[in-house]
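Heads up: the sequence shown runs through residues 563 to 884, numbered per this note's numbering.
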Amino acid sequence: MSETEREPLRLMAVHAHPDDESSKGAATTARYAAEGVEVLVVTCTGGERGDILNPSYVVPEGHEFDSLEGRNAVRREEMARSAAALGVRHRWLGFVDSGLPEGDPLPPLPEGCFALVPLEEASEPLVRLVREFRPHVMTTYDPSGGYPHPDHIKCHEVSAEAFAAAGDPARYPGAGDPWEPMKLYYNHGFSMESLRAVHEAMEGAGLESPFGDWIESRAAREIPEREVTTYVPVSDYFSRRDDALRAHASQIDPDGFFFAVPRDIEAEVWPWDEYELAESNIPLPARAAGEHEDDLFVGVREALGARSGAGDDGREHAEVNA
Ligand SMILES: [Zn+2]
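Here is the structure:
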């Protein structure tokens, strides 16, 4: 790379299971990839304990869904199709799905599952991957997991650990050369504000909203809403997101919840993916109260421009090292 070539922007999106990348921030990854940003989706587990959630799903010829190995194979193929639909690169961390424990009392987690792996051991492969891929921006879930699946909480923990440790040569010394990512975000799909906006627009159009009961039950439980700092406009990439969702044929019902809102209504009233800026290692422009970012690379473009001695936004020279 010559001195005049700009360093490409790199985004790493860390997820717990195959299909999470298509339901949380999917259109964002598709958009940045289309704009020349290098995007790597990382999936912590193989999703081996997911049940078939699509009533019209038929297990493909030559596959079975009755063993962890069989499910792993099915979900690998689905994940490859999803990554292709989004136009992103993809890597597995190779941990085993913990499953969602149900019952009272809750059953113990299965031996060897991701949620039971000690934090340093669980984080090491992600630290290694951060040092190899060298993302400027990482996304993950908030500390609650966004939804209380043990793998989602663990996904948060290993992402926060890797974000904090990857730049420190004293940490994980056998896992590659240090690299400090600049910003860490939490995905926030389905905020109450977004649900209400879509709900009201659907009712206004005389359509049945899929969100009424959900809004009521969430309001009744008084779950505190997390802050949204960043709205990335992504409506041009809804179709890519939808293709990625449908790629997870064993998990996503094409006639179900995710497809219940007409896309023209969604594009009109909620054309964004929402994020919370959790950590930043770079100076950021001051934001007035009520002002939001519209780009995950705010401050990053400027920092890289300063580093390379140039002033423009760095997108033109992004290159993909597939
Ligand atoms: Zn998941």
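Note that beta-carbon positions come from the ideal geometry of N, C-alpha and C, so glycine has one too.
Counted within 10 angstroms of its Cβ, other Cβ atoms place residue i as buried (16 or more) or exposed
i, result
"VAL796", "buried"
"GLY665", "exposed"
"GLU631", "exposed"
"PRO697", "buried"
"PRO680", "exposed"
"HIS577", "buried"
"PRO669", "exposed"
"PRO570", "buried"
"LEU858", "buried"
"LEU688", "buried"
"ALA806", "buried"
"ALA781", "exposed"
"ILE785", "exposed"
"SER618", "exposed"
"ALA575", "buried"
"ALA589", "buried"
"GLU762", "exposed"
"VAL720", "buried"
"VAL620", "exposed"
"SER564", "Any answer about SER564 is weak, because its pLDDT of 45 lies below 50 and its placement is not dependable; what the coordinates show is given next. The residue in question, SER564, is exposed, as its Cβ has fewer than 16 Cβ neighbours within 10 Å."
"GLU778", "exposed"
"LEU648", "buried"
"ASP804", "buried"
Closer than 7 Å: residue i CB and nearest ligand 1 heavy atom
i, result
"ALA811", "no"
"ALA806", "no"
"ASP815", "no"
"ALA727", "no"
"ASP713", "yes"
"HIS652", "no"
"HIS579", "yes"
"ASP582", "yes"
Presumed contact (8 Å Cβ cut-off) between residue i and residue j, rounded CB distance
i, j, result
"LEU839", "TYR703", "Wrong, their Cβ atoms sit about 14 Å apart, outside the cutoff."
"PRO580", "ARG637", "5 Å"
"ALA767", "TRP832", "Not confirmed; about 14 Å, so no contact."
"ALA684", "PHE657", "7 Å"
"GLY751", "SER585", "7 Å"
"VAL650", "ALA595", "5 Å"
"ALA728", "VAL699", "Actually they do not touch by this definition, with Cβ atoms about 13 Å apart."
"LEU573", "VAL599", "6 Å"
"MET764", "ILE827", "6 Å"
"ALA677", "ASP713", "6 Å"
"MET744", "ILE614", "Not really, about 40 Å apart at Cβ, beyond 8 Å."
"GLY708", "ASN749", "7 Å"
"LEU846", "ARG568", "About 20 Å separates the two Cβ atoms, so there is no contact after all."
"HIS812", "GLU640", "The sequence shown places Ser at residue 812, not His. Yes, SER812 and GLU640 are in contact; Cβ-Cβ is about 7 Å, under 8 Å."
"ARG633", "GLY612", "7 Å"
"GLY818", "THR701", "In fact, because the Cβ distance is near 25 Å, the residues do not count as touching under 8 Å."
Those residues which DSSP pairs with residue i across a bridge
i, result
"ASN842", "Before going further, note that residue 842 is Ser rather than Asn in the sequence given. Per DSSP, LYS745."
"ALA575", "VAL603 and THR701"
"ASP835", "VAL794"
"PHE657", "THR607"
"ARG651", "LEU602"
"GLU855", "THR792"
is_contact[residue i, chain C] using C-beta, thresh 8 Å
i, result
"VAL599", "The question asks about chain C, but that chain is absent: this structure has only one protein chain."
Practice prompt. For the segment 663-711, list the alpha helix (DSSP H) runs that are entirely contained and at least 4 residues long, ordered along the chain.
Written response: 681-695
Item to complete: Note down, one range per segment and in chain order, each alpha helix (DSSP H) of at least 4 residues found wholly within the segment 752-803.
Response: 754-766 and 774-783
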